[in-house]
Structures are given as structure tokens and as C-alpha cells.
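J.: This structure is in C-alpha cells; I'll ask about it shortly.
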Amino acid sequence: MLELVHVPKTSKLNNPKMVAEAKSLSSSQSTPDTSSENDPYLSQRMSYRLSQSSAELRDIYDAVYQFLIGLGDDVQVKELKLYTAFKRLKNFVCMEIYPQARTVTLFLKLEPSSVALESGFTRDVSNVGHFGTGDLQVTLKSMADFEKTQPLLLRAYEGG
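Heads up: the sequence shown begins at 605 in our numbering, then just goes up one per residue.
Okay, here's the thing in C-alpha cells:
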């Protein structure tokens with residue numbers, strides 16, 4: 605209970621699909637002089653990658669998003685430029701989306717040795733540089749992968 609007293613309040617949580625659409629609309633209406641057109645790193649930004657993603661990939665992203673915020677009232681979402689962080693006191697999951705590879709990538713704050721690693725699905729990234737926090741990378745390509753990931757997400761939430 606005392607942990608929640610010191611947690612900073614977050615702004616109103618928006619549906620990521622609506623946020624991406626609003627950002628893509630505002631950038632399409634901008635003039636050529638704006639910084640979004642001159643930004644060499646635009647393709648790395650989450651809002652841009654969400655706007656470029658297929659509907660199926662956005663559905664996977666939304667399913668993970670809704671599952672994680674539904675785990676408890678203490679889950680906070682932080683939309684950053686390069687990834688989306690889910691945290692209690694500290695980050696327990698960081699999520700990225702890659703439209704060209706057609707994947708949603710999760711970095712879970714779990715010990716990779718405690719999980720049976722599957723090639724193409726889970727990976728130990730404890731010695732690999734990446735955005736976000738977490739040593740276990742999970743790659744989602746379908747809703748079936750999301751179903752397999754739910755117990756890992758719950759473990760990350762409880763351990764964080």
C-alpha cells in the first residue's frame with residue numbers, strides 16, 4: 605500500500621491504436637519545415653512504427669497492451685520514443701513493434717536460465733545491447749505466440 609503512495613501519477617492512458625492514428629494524422633498535415641520530416645530517426649520511433657504496422661500486428665500489440673494493464677491497478681505505462689515500458693515500481697516488460705519484420709518484441713525482466721529457450725521465440729539478451737530493460741527477449745509473430753507468452757508475462761509482473 606505504501607508503495608503506491610510514492611508512485612507518480614500517470615497521465616490518462618490512451619488506446620495505442622488511437623494514439624498512433626492521431627500522431628500519423630498530425631504528421632501528415634504538417635508542413636515540410638517541421639522537425640518530423642527532417643528527423644533521420646523517424647523510422648525508429650514507436651508512433652511511426654505503429655502507424656506503419658498491419659492490422660494483424662497492431663492487434664497483437666493491443667492484446668499484449670491490454671493484458672499487461674489488466675494485470676493490476678499498480679501497472680503503469682510509459683510511452684517512450686523507442687519502446688513502451690510497463691512498470692510497477694520498476695520496468696517488468698518493455699515492448700517494441702517492427703512492421704517490416706512483422707513482429708512484436710518484448711523484453712521481460714526474467715532470468716533467462718529459468719525459462720526453456722525456444723529458437724525464434726525466446727532469447728537470452730543479458731549480454732546484448734537493446735532498448736528497454738529485461739534479459740529475456742520474446743518475439744511474437746501471431747496470437748498463438750501471445751497465448752504462449754501469457755504465463756511469462758505473469759511471472760515478470762509478479763517478480764517485478
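All C-beta atoms, glycine included, are put in the ideal place defined by N, C-alpha and C.
Does the count of Cβ pairs from the segment 694-712 and the segment 725-745 closer than 8 Å reach three?
T.: The segment 694-712, when compared against the segment 725-745, does touch it at the 8 Å Cβ threshold.
J.: Just the Cα atoms here: how many angstroms apart are Ser746 and Asn642?
T.: Within the sequence shown, numbered from 1, the residue matching residue 746 stands at position 142. Within the sequence shown, numbered from 1, the residue matching residue 642 stands at position 38. Going from the Cα of Ser746 to the Cα of Asn642 covers about 34 Å.
J.: Closest by CA to Cys698, which one among Ser658, Asp663, Val668?
T.: Working through the sequence shown from its first residue, we reach residue 698 at position 94. Among Ser658, Asp663, Val668, the Cα nearest to that of Cys698 belongs to Val668.
J.: Can you find the residues in the same chain that come closer than 7 Å, C-beta to C-beta, to Ser630, ignoring five residues on each side of it along the sequence?
T.: Here residue 630 is taken as the residue at index 26 of the sequence shown, counted from 1. With a pLDDT of only 47 at Ser630, under 50, the local geometry of the prediction cannot be trusted, and no value is derived from it.
J.: Comparing C-alpha positions only, which one of Lys685, Asp677, Val719 sits nearest to Lys691?
T.: As a working mapping, residue 691 is identified with position 87 in the sequence shown. Lys691 has its Cα closest to that of Asp677, out of Lys685, Asp677, Val719.
J.: What three-state label does DSSP hand Gln670 in the structure shown?
T.: Position 66 of the sequence shown, counting from 1, holds the residue named residue 670. Gln670: helix per DSSP, three-state reduction.
J.: Alpha carbon to alpha carbon, how far is Leu672 from Tyr846? Give it in angstroms, no decimals.
T.: Since the first and last residues shown for the chain are 605 and 764, residue 846 lies out of range.
J.: I need the DSSP call for Leu654, collapsed to helix, strand or coil.
T.: Within the sequence shown, residue 654 is the residue found at index 50, counting from 1. Correct three-state label for Leu654: helix.
J.: Could you work out which residue in Arg653, Ala720, Gly674, Glu700 is closest to Lys752 when comparing CA atoms only?
T.: In the sequence shown, residue 752 corresponds to position 148, counting from 1. Nearest of Arg653, Ala720, Gly674, Glu700 to Lys752, Cα basis: Ala720.
J.: So, under 8 Å CB-CB, Gln656 and Leu686 are touching, yes? Tell me the CB distance rounded to an integer number of Å.
T.: Start at 1 with the first residue of the sequence shown, and residue 656 comes out as number 52. Start at 1 with the first residue of the sequence shown, and residue 686 comes out as number 82. In fact, because the Cβ distance is near 15 Å, the residues do not count as touching under 8 Å.
J.: Using three-state DSSP, classify Arg649 as helix, strand or coil.
T.: Position 45 of the sequence shown, counted from the start, is the residue given in the question as residue 649. Note: Arg649 maps to coil in three-state DSSP.
J.: For Leu758 and Leu661, I'd like the C-alpha separation in whole angstroms.
T.: By 1-based counting over the sequence shown, the position of residue 758 is 154. By 1-based counting over the sequence shown, the position of residue 661 is 57. Approximately 22 Å between the Cα atoms of the pair.
J.: Using three-state DSSP, classify Phe750 as helix, strand or coil.
T.: Here the question's residue 750 lines up with position 146 in the sequence shown. Three-state DSSP puts Phe750 in a helix.
J.: Taking only the alpha-carbon atoms, compute the straight-line gap between Gly733 and Thr688 and give it to the nearest angstrom.
T.: For the purposes of this step, residue 733 is taken as the residue at position 129 of the sequence shown. For the purposes of this step, residue 688 is taken as the residue at position 84 of the sequence shown. Approximately 17 Å between the Cα atoms of the pair.
J.: Taking only the alpha-carbon atoms, compute the straight-line gap between Glu762 and Lys694 and give it to the nearest angstrom.
T.: Along the sequence shown, one-based indexing puts residue 762 at 158. Along the sequence shown, one-based indexing puts residue 694 at 90. Whole-angstrom Cα-Cα distance: 12 Å.
J.: Taking the C-alpha atoms as reference points, what is the distance between Ala659 and Val729?
T.: On the sequence shown, residue 659 is found 55 positions in, with the first residue counted as 1. On the sequence shown, residue 729 is found 125 positions in, with the first residue counted as 1. Each residue's alpha carbon lies about 28 Å from the other.
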